[in-house]
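S.K.:
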Amino acid sequence: MSGLLKKSIQLSLILIAFYSIGVVVAQESVSNSISSVNLSFSPSSPRAGDSVVFTVSSELLDLSSSKIVWYVDGVVRRESTSKSIVIKTKNTDEKINVRVVVGTSDGIIKETSKDLSLAGIDLVIEPMSYTLPFYKGKPYFVAEGKVKIIALPDIMVSGIKIPAKNLNFTWSRDNNVLADNSGKGQNSIVVNSIIPIRDINVAVQITDESGNILVETSKLIVKNDPKILFFENSPLYGILYNKAIFGDYFLGNKEELSIVAKPFSFDFLTDSSQNSDYSWYVNDGYVSPAGKTNEIIMRQATTTQKGIASISLDLKNINKINQYASGGFSVLFGE
Numbered sequence: 162m163s164g165l166l167k168k169s170i171q172l173s174l175i176l177i178a179f180y181s182i183g184v185v186v187a188q189e190s191v192s193n194s195i196s197s198v199n200l201s202f203s204p205s206s207p208r209a210g211d212s213v214v215f216t217v218s219s220e221l222l223d224l225s226s227s228k229i230v231w232y233v234d235g236v237v238r239r240e241s242t243s244k245s246i247v248i249k250t251k252n253t254d255e256k257i258n259v260r261v262v263v264g265t266s267d268g269i270i271k272e273t274s275k276d277l278s279l280a281g282i283d284l285v286i287e288p289m290s291y292t293l294p295f296y297k298g299k300p301y302f303v304a305e306g307k308v309k310i311i312a313l314p315d316i317m318v319s320g321i322k323i324p325a326k327n328l329n330f331t332w333s334r335d336n337n338v339l340a341d342n343s344g345k346g347q348n349s350i351v352v353n354s355i356i357p358i359r360d361i362n363v364a365v366q367i368t369d370e371s372g373n374i375l376v377e378t379s380k381l382i383v384k385n386d387p388k389i390l391f392f393e394n395s396p397l398y399g400i401l402y403n404k405a406i407f408g409d410y411f412l413g414n415k416e417e418l419s420i421v422a423k424p425f426s427f428d429f430l431t432d433s434s435q436n437s438d439y440s441w442y443v444n445d446g447y448v449s450p451a452g453k454t455n456e457i458i459m460r461q462a463t464t465t466q467k468g469i470a471s472i473s474l475d476l477k478n479i480n481k482i483n484q485y486a487s488g489g490f491s492v493l494f495g496e
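All residue numbers for the sequence shown refer to the numbering used here, where the first residue is 162 and numbers rise by one.
Below is the structure:
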């Protein structure tokens, strides 16, 4: 082999080696490997309307001297050295893609991205106690009472809402997991008030079939005291539920007045429950009305004399000593 041919082969080998080295270096500089950069967000289970903080971190790269570019749904949001970005979410069916590209001072480029699917959840609190007929509100959660909590998830995947029966619910009370009440499709729970009497915190965590947390929330259920409400029982219209009696009631020239007491938020099925104990007092003296114990009838013999009668009532649940209430009003009689 001639010397000229040898030199040509050696030069070709050198050029090939040089080219190969250049390709390897270029691949490292523009690597899309996500092994060296991590992207996280908080809160871990954002809901519609939340402000979500995305943060990039790395154990291998010096991010403080790197150029960081943030993209939200493919649009550049920020180009700086900031390691975090805040995004305000909107609708539960919204899916957000966040991508971050990190360029170091050494020319190394790394990137990673995350898809954020929002999930919503509402907790409906339904205390299980007595309320008035036609009452549109809710009773109180009271001592030794029960309350039903219903979780209403609003979770979308690929534009399709996932029904509650396909989700896993993990319930807890005061940070204690209620395993017997948790499981697939278990979107409701009944909780009893216990002694010592206090407010309770109920939480639920919803996961998919793979165990990924989709959304979680909690609710502080505040204990209240039951009450007594008084209404006139009109011989013409019946019980006047539209106007409760407070303070003073002017009897005028009526010869008779019938007052009905209604429990509010006691653990009774009816106002005449066998567990109810009504104790009536007129001018601090105990009276025992005939007939219904939650009704008292007062009569005035003449309208020429004026006066005031103080009416009061103590009501208790004989099976639950922590459920009791007192109330009263005054009757002004005579013209």
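Just so it is clear, CB atoms sit at the ideal spot from N, CA and C, and this is done for glycine as well. Bear in mind the structure is a predicted one, so any value in this text is a computation, not a measurement.
Give the DSSP-derived three-state secondary structure of Asn-373 in the structure shown.
M.R.: Of the three classes helix, strand and coil, the one that applies to Asn-373 here is coil, per DSSP.
S.K.: In terms of residues, what are the limits of the beta strand (DSSP E) holding Gln-366?
M.R.: From DSSP, the beta strand (DSSP E) with Gln-366 extends over 361-368.
S.K.: Please list the segments of the beta strand (DSSP E) lying wholly inside the segment 223-261, counting only runs of 3 or more residues, in order along the chain.
M.R.: Runs found: 228-233, 236-241, 245-249.
S.K.: Below 8 angstroms on the Cβ atoms is my contact criterion, and I expect Ala-470 with Val-448 to pass it. Report the Cβ-Cβ distance as a whole number of Å.
M.R.: Wrong, their Cβ atoms sit about 11 angstroms apart, outside the cutoff.
S.K.: Does Asp-283 come out as helix, strand or coil in the three-state DSSP assignment?
M.R.: Strand, per DSSP.
S.K.: Among Asp-276, Asn-373, Asn-403, whose alpha-carbon lies nearest the alpha-carbon of Leu-200?
M.R.: Of Asp-276, Asn-373, Asn-403, the residue nearest in Cα terms is Asp-276.
S.K.: Can you give the beta carbon distance from Ala-280 to Arg-334, rounded, assuming they're within the 8 angstroms contact cut?
M.R.: No, Ala-280 and Arg-334 are not in contact; Cβ-Cβ is about 22 angstroms, not under 8 angstroms.
S.K.: Using three-state DSSP, classify Asp-341 as helix, strand or coil.
M.R.: Helix, per DSSP.
S.K.: Give the DSSP-derived three-state secondary structure of Asn-327 in the structure shown.
M.R.: Residue state, collapsed to three classes: helix.
S.K.: Give the straight-line distance between the Cα atoms of Thr-431 and Tyr-291, rounded to the nearest whole angstrom.
M.R.: Cα to Cα, the separation comes out at about 7 angstroms.
S.K.: Within 10 angstroms of its Cβ, does Lys-477 collect 16 or more other Cβ (buried), or is it exposed?
M.R.: Flag for Lys-477 reads buried.
S.K.: Is the CB-CB distance between Ser-349 and Ile-311 below 8 angstroms?
M.R.: Yes, they are a contact pair.
S.K.: Should Phe-215 go down as buried or exposed, given a rule of 16 or more other Cβ atoms within 10 Å for buried?
M.R.: Result: buried.
S.K.: Just how far apart, CA to CA, sit Gly-264 and Gln-366?
M.R.: The straight-line gap from Cα to Cα measures roughly 38 angstroms.
S.K.: Have a look at Leu-224 and Glu-377 and give me their C-alpha separation to the nearest angstrom.
M.R.: One C-alpha to the other measures close to 32 angstroms.
S.K.: Restricting to Cα atoms, I'd like to know which of Phe-392, Val-308, Val-352 is closest to Ala-405.
M.R.: Among Phe-392, Val-308, Val-352, the Cα nearest to that of Ala-405 is on Phe-392.
S.K.: Between Val-352 and Asn-394, which are expected to be in contact by the criterion C-beta below 8 angstroms, what is the C-beta distance as a whole number of angstroms?
M.R.: Going by Cβ atoms, the distance from Val-352 to Asn-394 rounds to 36 angstroms, so no, they are not a contact pair.
S.K.: Would you decide whether Ala-340 is buried or exposed? Buried here means 16 or more other CB atoms lie within 10 Å of its CB.
M.R.: With fewer than 16 other Cβ atoms within 10 Å, it is exposed.
S.K.: Which residues in the same chain have their Cβ closer than 6 angstroms to the Cβ of Leu-390, if we skip the five residues on either side of it in sequence?
M.R.: Excluding residues within five positions, the ones whose Cβ falls inside 6 angstroms are Ala-405, Lys-423, Phe-425.
S.K.: So, is Tyr-410 buried or exposed, given that buried needs 16 or more other C-beta atoms within 10 angstroms?
M.R.: Answer is buried; the Cβ neighbour count reaches 16.
S.K.: Just grab the DSSP bridge partners of Ile-400 for me.
M.R.: In the DSSP output, where bridge partners are listed per residue, Ile-400 has Asn-394.
S.K.: What number of angstroms, rounded off, separates the C-alpha of Pro-300 from the C-alpha of Ile-257?
M.R.: Pro-300 and Ile-257: Cα-Cα distance of roughly 41 angstroms.
S.K.: With Tyr-442 as the anchor, note down where its beta strand (DSSP E) starts and where it stops.
M.R.: Where Tyr-442 is concerned, the enclosing beta strand (DSSP E) stretches over 437-443.
S.K.: Is the distance from the Cβ of Glu-305 to the Cβ of Gln-484 below 8 angstroms?
M.R.: Contact flag set, yes.
S.K.: Hey, quick one: how far does the beta strand (DSSP E) through Ala-470 stretch, first residue to last?
M.R.: Here the beta strand (DSSP E) through Ala-470 covers 468-478.
S.K.: Out of curiosity, what's the CA-to-CA distance linking Thr-465 and Pro-387?
M.R.: So the two alpha carbons sit approximately 39 angstroms from each other.
S.K.: Using 8 angstroms as the threshold, is the C-beta distance between Val-285 and Leu-328 below it?
M.R.: Cβ distance not < 8 angstroms, so Val-285 and Leu-328 don't count as in contact.
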